[in-house]
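Each remark here refers to the structure printed beneath this line.
Residue numbers (the UniProt record's numbering): 1 to 300.
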């Protein structure tokens, strides 16, 4: 946003779920947010809360998932747990009852003929997963980075190899605009989107073919992420990261798959929610056209 004349204060909702930002987006107390496309989001839409998904914020890179199924290393070493099938009836750490991590876990279980109902989930933050694995309160967890690498580094957990292929291109998080921001200050909303896609392209330049921050822009991106996340630069360079579409495009098929998952679990107040009522792609499409086609570093 430098050079635009806009002042963009950032607000951290420390200790709260991303769904906690939905109400202030609807009232105009927040203008822009980022969240998983959870059941809470769709239920807010059903209640008339004015918020829209406007761009990709994070997705699973095919074959390089930043979400992992971790298992207690002691149980892995003993051979007691070696696959998703071994989780039947066992305690597993998740974030929320009906979130994108839940959908990821369910996708992995479905590959071995199970569903999320076949495991006993407990809901704690990712930062708490390593301790829960270590003290034995859970035998496995569905854990995004950097917490997954931290648990492995500490010798607490082993990553199930099938994690990389459980749910390719899952739309794990999205950029949100409040409807009041869209209707009352569309020009600022468009300027923000142009800046956001510039950032998405720089970030994409930082992601190497291995799904890690090994690309040519890594030296620019890693320090920013370290400052904002609290993770060390060493850890950030070793973790598998999420992808972000350089044009802001979202994976509609994946979002609709997750909606079906939430509906089947009974977590939606309106199981027939229409994705068209939740999305506004106009800002990203206009910003992408303004910036021109994105060229990956390898093609330059």
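Glycine included, each C-beta is placed from N, C-alpha and C at the ideal position.
In the DSSP assignment, residue 72 is bridged to 157.
The three-state reading of DSSP puts residue 137 in coil, since its state is none of H, G, I, E or B. Each residue's CA atom was taken as its position, placing residue 260 and residue 230 some 35 angstroms apart.
Under DSSP, residue 171 forms a beta bridge with 59. Residue pairing by DSSP places residue 207 opposite no residue, since no beta bridge is assigned to it. Assignment of residue 145 by DSSP, reduced to helix, strand and coil, places it in the coil class. By the Cβ test, the stretch 102 to 111 is in contact with the stretch 156 to 169, since at least three Cβ pairs between them sit closer than 8 angstroms. Among the bridge pairs identified by DSSP, residue 176 is matched with 33 and 53.
In the three-state reduction of the DSSP assignment, residue 119 falls in the coil class. C-alpha of residue 137 to C-alpha of residue 91: approximately 7 angstroms in a straight line. When the alpha-carbon of residue 151 is set against those of 171, 172, 126 and 36, the nearest one is in 126. Annotated three-state conformation of residue 237 is helix, per DSSP.
Bounds of any beta strand (DSSP E) do not take in residue 112, whose DSSP letter is neither H nor E. Counting along the chain, residue 46 sits inside the alpha helix (DSSP H) bounded by residues 39 to 46. The DSSP-derived three-state label of residue 64 is strand. Judged by DSSP secondary structure, residue 222 falls within the alpha helix (DSSP H) whose first and last residues are 218 to 229. Judged by their CB atoms, residue 88 and residue 119 are nearer to each other than the 8 angstroms cut-off. Three or more Cβ pairs closer than 8 angstroms define a contact, and the stretch 129 to 143 falls short of that threshold against the stretch 28 to 44.
Cβ-Cβ separation between residue 174 and residue 71: approximately 29 angstroms, too far for a contact (criterion under 8 angstroms). Secondary structure in the stretch 243 to 283: the alpha helix (DSSP H) runs of 4 residues or longer, each lying completely within the stretch, are 252 to 264 in chain order. Scanning 93, 33, 58 and 124 for the CA closest to the CA of residue 255 turns up 58. Per DSSP, the continuous beta strand (DSSP E) segment holding residue 93 begins and ends at 91 to 94. Between residue 149 and residue 224 the beta-carbon gap is near 19 angstroms, outside 8 angstroms, which marks them as no contact.
Between residue 33 and residue 176, the beta carbon gap of about 4 angstroms places them in contact (Cβ cut-off 8 angstroms). A distance of 8 angstroms or more separates the beta carbons of residue 100 and residue 94.
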